[in-house]
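Numbering follows my numbering, with no gaps: position 249 of the sequence shown is 963.
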Amino acid sequence: MIYDLSGKRVFVAGHRGMVGGALLRRLQRERCDLLTVGRERLDLLDQAAVRSFMFEARPDAVIVAAAKVGGIQANSTFPAEFLYENLAIEMNVIHAAFRAGVEKLVFLGSSCIYPKFAPQPIREDALLSGPLEPTNDCYAVAKIAGLKLCEAYRSQYGADFIAVMLTNLYGPGDNFHLDTSHVIPALLRKAHEAKISGAATVSIWGSGTPRREFLHVDDASDAIVHLLTTYSGAQHVNIGSGEDITILDLMKLICRVVGFEGKIVADPSKPDGTPRKRLDVSRLSARGWKPRKRLKQGLAETYAWYMQNIEGMLQRA
Ligand code: GFB
């Protein structure tokens, strides 16, 4: 243990998102005070407001879980917002945390920071070794900037700011909107709706051949807290399950979980994105952490969560 959370005030920026929500659940098991603030009270894009908040709230530790996120289609449709909003959130929160004397900060990044054709599994040192995947290069550039910001405040000022790079996450609290979501919520919803309507087929975007690595958000939040309390270093750390699966096999698994028995058809008019992005998680494993939840179990639980929350989501849509 190098950062003991007992008695600390921990600010989770972005607590209403899927990862932020999981972090709150996980941190409730620690003896720390949790600090959150809703979007209506603090706009993280507003530099002056973030600075005032940080100086008034005086957190000891900060987790930057706030971000503009979305799946392959949202990323390629709104590159300006993905770049601008993510840069602004990182810049405002990380700089204000530094100025307010925050002792420890964890910045959450994503596996899309790595080159499109990085050798698999992807090691941390693959960063900036080749061109990015174009469907999400704006998001990736913003996340690389956040990582570099942490590195720079550490090397220049000795700030204990660390960066972790997360693989594709899923779980309760995810976005199930078909245009903007990541693949798992989209396919759970499509399979469910196909089952309910008695459809003969269900479609998946692209060829079905890309491979993705998935990690349940409760495992992700556990790994983040593990690194927050046990790690300090300039090198960012990958967080993943270490296993990947093709999108077609993922959909077969989802159809079994949901109980849809029709045919799966590919939609080649939609993009595949990067062919493969499995993270090398040996640095994390060497620090004594491993995931608990198997994909099938995590999918079943996420489907159950979707079923319980479907009405509220439809009302908000
Ligand atoms: O999860 P996803 O949108 O994002 O898509 P990425 C993963 C794969 O699933 C792609 C395919 O090959 C999609 O073409 N796919 C199949 C679908 N059917 C669907 C569907 O109905 N909806 C969606 N969304 N995908 C994201 C990045 O990339 O990964 C973000 O855009 C972020 O920046 C995130 O880094 C972790 O894995 O391709």
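Positions of the beta carbon are idealized from the N, C-alpha and C atoms, including for glycine.
task = Name all residues in chain order for which at least one heavy atom of ligand 1 lies closer than 5 Å to the residue's CB.
result = G785, I786, N789, S824, C826, N850, Y853, N882, H896, V897, A900, I918, W919, G920, P924, I961, D986, G987
message = Quick check on the burial criterion: 16 or more other C-beta atoms within 10 angstroms. Buried or exposed for K1004?
response = exposed
ask   = Among T894, L846, N789, F890, which has the Cα closest to the Cα of G1033?
value = Because the chain in this structure spans residues 715 to 1031, residue 1033 falls outside the shown range and cannot be described.
ask   = For H930, which residues of its own chain have a beta-carbon under 6 Å away from its beta-carbon, when the five flanking residues on both sides are left out?
value = G885, K1007, G1012
query = Going along the chain, which residues of its own chain have a beta-carbon closer than 7 Å to the beta-carbon of R837, five neighbours each way excluded?
reply = D994
inquiry  = Between D1094 and R992, how many whole angstroms is the CB-CB distance? I'm expecting something under 8 Å.
reply    = Examination of residue 1094 is not possible in this model, given that the chain is present from 715 through 1031 alone.
key: Option nearest E804 by Cα separation, candidates E770, S946, E865   = E865
ask   = Quick one: what's got a C-beta closer than 6 Å to L883's C-beta in the same chain, skipping five residues either side?
value = L929, V931, A934
Between the CA atoms of V971 and L964 - distance to the nearest angstrom = 11 Å
request  = Using the Cα positions of N1023 and M732, report the straight-line distance between them to the nearest angstrom.
outcome  = 14 Å
task = Look at C826 and N806 and say whether their C-beta atoms are less than 8 Å apart.
result = no
ask   = For F812, does the three-state DSSP call read helix, strand or coil?
value = helix
query = How about the segment 791-800 and the segment 772-782: do they share at least three Cβ pairs that are nearer than 8 Å?
reply = yes
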